[in-house]
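Peer 1: Dumping the structure here so I can ask a few things about it.
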Amino acid sequence: MDHRPLHLHSMMVHAVVALAPLAALSFLFEAGGTTVFSVRPGVWAFLLRGSLIGILVLALPSILTGVVERNHMYVNWPPSHRAKLALSLMLVVMVSVELVALAGIDGAPVTASWLGLTIVIGNCAVVFGLSFFGLQITLGHQGFGATSYKPDMDWDPPLDILACVADFAGDPPRLIDVQGEAKR
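Here it is as structure tokens:
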């Protein structure tokens, strides 16, 4: 078959998107010495560092799988793909610097600091940009204006999709067997 049963890039980037706001929230709660229910500042410190390490550990293979899935055709990359690569590399550098800075802090970090700004706002902004371009690549045009979709009957001459696929009506169905159950 000509498909990949697992899309590693898509699966890994969702975790990065989830970990950035968790790191931001954990930073604010640790810096503020906040206890939520039974979650004390020490747990927030663990969640913060764990989230940042998770972002770093997952971002590197996410970048690699994103590049591999584009078949190394760097010259032909559209601006959205180049923007995603630049933002991904920026996120890796930012998180690396943040982890080094956190390792040098004794006690709770200060909310109003460059570290707080980068963890709470910077990481989330970069992840938002990555999400925007990722959705644009996956779903196409985004915005409040009209989409680029043109109904088949608006073409000149009108296009009948059933006539286009009639030649393939006798083909056997293609199965995507993710769990490999059909081979048993």
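The working numbering applies: residue 4 is where the sequence shown begins, and numbers increase by one. Beta carbons are placed, not taken as given, at the ideal position from N, Cα and C, and that holds for glycine. Predicted model, so just to flag it, every value in this text is computed and none were measured.
#1: Runs of 4 residues minimum, wholly inside the segment 29–80: which ones carry the alpha helix (DSSP H) assignment?
#2: So, do the segment 52–71 and the segment 157–176 have three or more beta carbon pairs nearer to each other than 8 Å?
#3: For the alpha helix (DSSP H) containing Ser-83, list its first residue and its last residue.
#4: Around the Cβ of Phe-171, are there at least 16 other Cβ atoms within 10 angstroms (buried) or fewer (exposed)?
#5: Starting from the C-beta of His-12, find all residues in its chain whose C-beta is less than 7 Å away, skip the five residues before and the five after it, and write them out in chain order.
#6: Using only the alpha-carbon positions, how far apart do Pro-112 and Leu-92 sit?
#7: From this set, Phe-40, Gly-173, Ala-115, which residue's C-alpha is nearest Ala-27's C-alpha?
#8: For Val-19, which of Phe-131, Asn-79, Glu-101, Gly-36 has the nearest alpha-carbon?
#9: If I measure Cβ to Cβ from Leu-61 and keep anything under 6 Å in the same chain, skipping five residues before and after, which residues do I get?
#10: Just reading off the alpha helix (DSSP H) that Gly-173 is part of, what are its end residues?
Peer 2: Based on what the coordinates show:
#1: 44–72
#2: no
#3: 82–106
#4: exposed
#5: Ser-65, Thr-68, Gly-69, Glu-72
#6: 25 Å
#7: Ala-115
#8: Phe-131
#9: Met-15, Ala-18, Val-19
#10: No alpha helix (DSSP H) holds Gly-173; DSSP gives it neither H nor E.
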